[in-house]
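Numbering (numbering that gives the first Met the number 0), first residue to last: 0 to 396. A virtual CB, placed ideally from N, CA and C, is assigned to each residue, including glycine. Computed from a prediction, not measured in an experiment: that's the story for all the values here.
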Amino acid sequence: MTEEKVNRKTKPTVLDIFCGAGGMSLGFRNAGCQILGGIDQNRYAINTHHQNFPLAKLKLPPQDIRDLRDLDTLGLNAGEVDILVGGPPCQVFSRVGIGKMRKLGRDIEADHRNFLYKEFVRFVAYYKPLCFVMENVDYLANREEALARIYKDFSRSNRKGYPGYKVNYQVLDASEFGVPQKRMRLFIIGIRSDLGIEPPFPNRRVKSAISVGEAICDLPDLEPWVMPLKTKSSGPKQQDVECPYKCLPQSPYQEKMRKQKQEGEGVWNHLCRAHNEKDIMIFGMLDQGGKYRDLPEEVMRYRADIFDDKYKRLIWNKPAWTLTAHMRKDGLAYIHPLQDRSISVREAARIQSFPDDFVFYAPMTRMFELVGNSVPPILAKEVAKPLVKLIKSCRER
Ligand SMILES: C[S@@+](CC[C@H](N)C(=O)[O-])C[C@H]1O[C@@H](n2cnc3c(N)ncnc32)[C@H](O)[C@@H]1O
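Here it is as structure tokens:
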């Protein structure tokens with residue numbers, strides 16, 4: 000019998016929708032689940048997911064989930080999915096996203112991204128998984144109406160054939176679970192009503208938070224990549240090559256990140272964006288934790304009250320602040336604590352707790368987007384653990 004067949008019989012199965020690169024998938028796999036596949040419209044996300052989950056049964060092309068109308072043709076039977084996980088886009092629930100939309104005079108309530116969670120409800124109604132996990136920004140907790148609407152859609156059991164779910168949510172901070180990053184995210188967990196169990200959440204670990212230094216100090220130093228003058232282009236493309244590590248692992252966290260690496264193997268995705276010479280000079284003026292407003296007036300090019308957060312230098316002995324998909328546009332809010340450049344993709348991946356054997360397959364800016372969008376795999380694993388336990392105990396009943 001193949002490994003996959005054995006796993007399918009024994010491991011809880013997971014379908015990941017709005018899967019991104021697969022931070023959530025990886026956490027659930029590491030908690031002992033079998034990943035059936037991922038759905039996403041972003042081709043770089045799908046390619047990265049396919050490469051990192053080669054045993055997944057479904058290998059779907061990138062597609063808008065709203066176009067997948069007939070789930071009978073997807074290749075999975077109802078009942079085959081034990082856990083449905085996913086992170087529908089969060090812009091419309093985030094403080095920044097709402098602010099931007101207001102500025103542009105857009106109707107927040109009419110934005111289709113307010114309703115993408117309904118695709119999640121549609122998948123729950125079709126597969127009737129034992130449980131589901133939907134991740135979103137913590138600001139959703141302040142949007143009482145939106146949250147109440149989501150709860151209602153998941154819990155009601157009056158629809159024909161829909162079992163109904165017991166639903167609850169918690170806001171979790173990744174740094175309390177061994178991720179070197181302060182990242183607050185809201186997790187909605189639903190348990191099928193017929194199981195008669197309340198949604199379980201992980202217990203916070205009270206250990207001291209992992210710092211940026213503990214996370215990245217074994218990665219090779221990089222010279223700042225200087226952007227050629229008088230052009231917006233970053234010049235010749237950097238090649239993603241396997242770089243030798245700077246040294247042996249220096250912390251238990253680094254040992255964990257390198258666990259699957261064989262002796263002599265190097266690290267991929269250690270790519271850093273180009274900066275113009277003026278920016279590189281400005282980075283040198285920022286202390287760790289320093290922001291744009293701390294700069295001398297003569298080098299300020301933007302209004303300090305608006306661009307207060309534009310440049311920020313990470314702090315070596317503290318966890319990072321939240322990484323976001325904005326890293327795709329610029330890395331100025333994530334300046335390396337000791338080197339005058341923004342962090343590399345691999346450094347960002349370490350801060351998101353992706354181990355080094357998880358490789359991103361995309362152009363550099365898109366890699367930053369995938370990393371910034373993801374659920375830290377270590378946090379996802381903690382969320383998964385009580386659900387795996389619950390499913391195993393249901394099977395033994
Ligand atoms: C917050 S990210 C998910 C991150 C993922 N959970 C992880 O841990 O890596 C949201 C994802 O939803 C995808 N997405 C947005 N709208 C979509 C749609 N209509 N159909 C399919 N995917 C969509 C985006 O491409 C993005 O990768």
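Look up residue i in the DSSP assignment and say whether it is helix, strand or coil.
i, result
"Thr321", "coil"
"Asp417", "With the chain represented from 0 up to 396, any question about residue 417 goes unanswered, as that position is not in the structure."
"Glu203", "As written in the sequence, residue 203 is Arg, which differs from the Glu given in the question. Residue state, collapsed to three classes: coil."
"Tyr168", "strand"
"Gln40", "coil"
"Ile215", "helix"
"Met183", "strand"
"Val123", "helix"
"Met299", "coil"
"Asn189", "Checking the displayed sequence, the identity of residue 189 turns out to be Gly instead of Asn. In the structure shown, Gly189 sits in a strand (DSSP, three-state: E or B)."
"Lys245", "coil"
"Ala273", "strand"
"Phe114", "coil"
"Glu264", "coil"
"Lys380", "helix"
"Ile314", "coil"
Around the Cβ of residue i, are there at least 16 other Cβ atoms within 10 angstroms (buried) or fewer (exposed)?
i, result
"Ala361", "buried"
"Lys10", "buried"
"Arg396", "exposed"
"Asp81", "buried"
"Pro399", "Lying outside 0 to 396, the shown extent of the chain, residue 399 is not represented and no answer is given."
"Leu14", "buried"
"Gly78", "exposed"
"Thr230", "In this prediction, Thr230 scores a pLDDT of 49, lower than 50, which makes its location untrustworthy; the coordinate-derived value is nonetheless stated afterwards. Counting Cβ neighbours within 10 Å, Thr230 comes out exposed, since fewer than 16 surround it."
"Gln33", "buried"
"Lys311", "buried"
"Asn280", "Reading off the sequence, residue 280 comes out as Met, not Asn. With fewer than 16 Cβ atoms within 10 Å of its Cβ, Met280 is classed as exposed."
"Asp71", "exposed"
"Asn202", "exposed"
"Arg155", "exposed"
"Ala55", "buried"
"Ala147", "exposed"
"Gly37", "buried"
contact_flag[the region 371-388, the region 14-27] where n(CB pairs < 8 Å) is 3 or more
The region 371-388 and the region 14-27 touch, with no fewer than 3 CB-CB distances between them shorter than 8 Å.
Ordered list of beta strand (DSSP E) runs contained in the region 8-85, each at least 3 residues
You should have 12-16, 33-38, 82-85.
Tell me whether the region 317-335 and the region 248-262 touch, counting them as touching only if at least three CB pairs, one residue from each stretch, are closer than 8 Å.
No contact exists between the region 317-335 and the region 248-262.
Is the region 287-298 touching the region 346-365 in the sense that three or more CB pairs, one from each, lie closer than 8 Å?
No: the two stretches stay apart, fewer than three of their Cβ pairs being nearer than 8 Å.
Would the region 45-55 count as touching the region 356-370 if we require 3 or more Cβ pairs under 8 Å?
With the cut-off at 8 Å, the region 45-55 and the region 356-370 touch.
Count Cβ pairs between the region 133-145 and the region 180-190 that sit closer than 8 Å; are there 3 or more?
Enough Cβ pairs lie closer than 8 Å, so yes.
Quick check: the region 191-198 against the region 213-224, are at least 3 beta-carbon pairs closer than 8 Å?
With a cut-off of 8 Å on Cβ pairs, the region 213-224 is not in contact with the region 191-198, counting fewer than three such pairs.
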